[in-house]
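Just so you know, the protein sequences line up as chains A and B, in that order. The numbering of the first sequence is numbering that gives the first Met the number 0, which starts it at 0 and goes up by one. The numbering of the second sequence is numbering that gives the first Met the number 0, which starts it at 0 and goes up by one.
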Amino acid sequence: MAGVNVESGGHGGRRSVDSEINMIPMIDLLMVTISFLLITAVWSHMARINADAQVPGPPRPDEPIEKTEPEKVLHVEMRSPEKFVLIWKQGAQTITTIDVPRKDKLEVTNGFKEIRYPELAAKIESEWKSVGSHRAGSDKKFDQAILHTDNETQYVYVIGVIDAIYHPKRDFDLKGRPEKVPAFNVTFSVN
Amino acid sequence: MAISEPGRRLMHDVQLKFVQKKVKGGGGHGVNASLSLTSMIDFLVVTVVFLLMTFSASGETPAPAGMHMPKAENTLDMIDAPIVSINGSQILVDGTAAGNTRAIEDSKRLQRIDELFNMLKGKREVWKQLHPGKDFPGVVVLQIDQDVPAVVVKSAFQTAAFAGFPNVSFMVNSIPKSGTGGAKAE
C-alpha cells in the first residue's frame, strides 16, 4: 500500500510512535478536485458592456426644480464608412466637430469577429481630457456619449465603437476607495 | 564418461519461468517501474492550485450554440439579470421565446417588439412582488449575435427601456486589456 512512513523514534520496547500517512485517499481527493475544476472551468469569459437608456426618473414634487445649464454631451457618429464624427454639443448648440478617419481592423478567429478602433479611442480620450466636465473622483456624475449609427451596421461594429468610447478612464470614489471606471456613459440615438 | 561436479540447481522447482528468472537473479530487466510519489503529488497540488486560482463563479453564462458574440476590452463583470438573447431572427428571454425580429428586418425601421415588451414587463412585476419596498434595478443583459443589424439592437434596447429596464448591458467575450486604446500589443 502506498504510504509515507514518518519515523520518530520508537526504540527500547516502547510503543511505536511511527505514523503512516495513507497516500491513496489523498491522491484520490486531488484527482477528484482536478476533475471537478476542469469540468466546471470556463475558458471563454463572458463580460458585459454597459449602456444607459437615459430614462428620466419619476417626478419628485417635494424637491424644487432647479434650472441648470445643459451639460456638454459627446455625440459619436458612425454612419460614414470613411470617418467617425465627434461632436460636442451643449443643449442644441454645437461646440466642436472633429473628424476621425475610420480604419476597420476586423479580425476573425474561429468565427468570432473582433473590431478595434485605437485611433478613435485615443481621440475620444484626448477630447475628454480637454472638454470633459466630470473628472474628479468625488464627482458622482459622468460625461455622456450618444452613439449615432445607421440601421444596417452590424452589431460587432457598434460594440467596437462603444468599446472605444469606454477607453478613457477616470477615478471614482467607491465607498472611499478610488477605482478606475470609464469616463463616459453611453446611450443610443434612436434617430 | 567423466564425473563432473553439478552446477547450481537452486530454485529449479519454480514452475513459472519469469518468476524463476526473477528469484534466481540474472536474466532480463524487471517489468515493474517505480513511480515517484513526491513529484506526482507536487504536480497534482500545483494543478489544483492553478485551477482554483482561475476558477470563476461569475461569467459562466453559456452562449447558445451557433451564436457568436463580439469581443471587447473595456468590460465589466457579468451580473445576475434577465438575459434577452437574439440569434438570427429569434428572440429569447431567459430561454423562453419572446417573438422574432423579421418585422424589423423587413421594414428596416426602429419599432417596439411587443412580445419582448410584455415578457420583460411581466418580469418587472414579478420582481416588485418578490421584493416589496425595494428599488427595481432595471438591469437587463442583451446577448446578441455579432452579425445582427443595428436596427434590431436599437429596437431591443428601446423595448427594454420602455418595459422598465433602462440599464442595458451587452454581453461580450472579454479580451485582456492591452492599455493601448484597442491597438494590438506588439
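All C-beta atoms in this analysis are idealised placements derived from N, C-alpha and C, irrespective of residue type, glycine included. Predicted, not measured: the structure shown is a model, and the values here were computed from it.
Rounded to the nearest whole angstrom, the C-alpha separation of T95 (chain A) and N99 (chain B) is 41 Å.
With distances taken between CA atoms, P69 (chain B) lies nearest to A:Y154 out of A:V41, A:L28, A:Y154. Shortest Cα-Cα distance from Q142 (chain B) to any of B:Q128, B:F169, B:P5, B:M39 involves B:F169.
Listed along chain B is no residue with a C-beta nearer than 8 Å to that of H74 (chain A); the closest approach is about 16 Å. By alpha-carbon distance to I123 (chain A), the top candidate from A:V99, A:E178, A:L29 is A:V99. Taking 9 Å as the Cβ-Cβ cut-off, the segment 134 to 161 of chain A approaches chain B at T148, D149, N150, E151, T152, Q153, Y154, V155, Y156, V157, I158, G159, I161, given in chain order.
The beta-carbon separation of N166 (chain B) and P136 (chain B), rounded to 7 Å, stays under the 8 Å limit for a contact.
Collapsing the DSSP output to three states places M66 (chain B) in coil. At the C-beta level, V152 (chain B) and E104 (chain B) stay beyond 8 Å of one another. Under a criterion of Cβ atoms nearer than 8 Å, no residue of chain B is adjacent to D172 (chain A); the nearest Cβ is some 18 Å distant.
Judged by their CB atoms, I78 (chain B) and V139 (chain B) are not nearer to each other than the 8 Å cut-off. Of A:W87, A:N150, A:T186, A:V160, the smallest CA-CA separation from R101 (chain A) is found for A:V160. Within the segment 94 to 113 of chain A, the residues whose Cβ lies closer than 7 Å to some Cβ of chain B are G110, F111, K112, E113, listed in chain order. With its beta carbon less than 8 Å from one in chain B, V189 (chain A) belongs to the interface. Here the C-alpha atom of Q143 (chain A) lies approximately 33 Å from the C-alpha atom of P63 (chain B).
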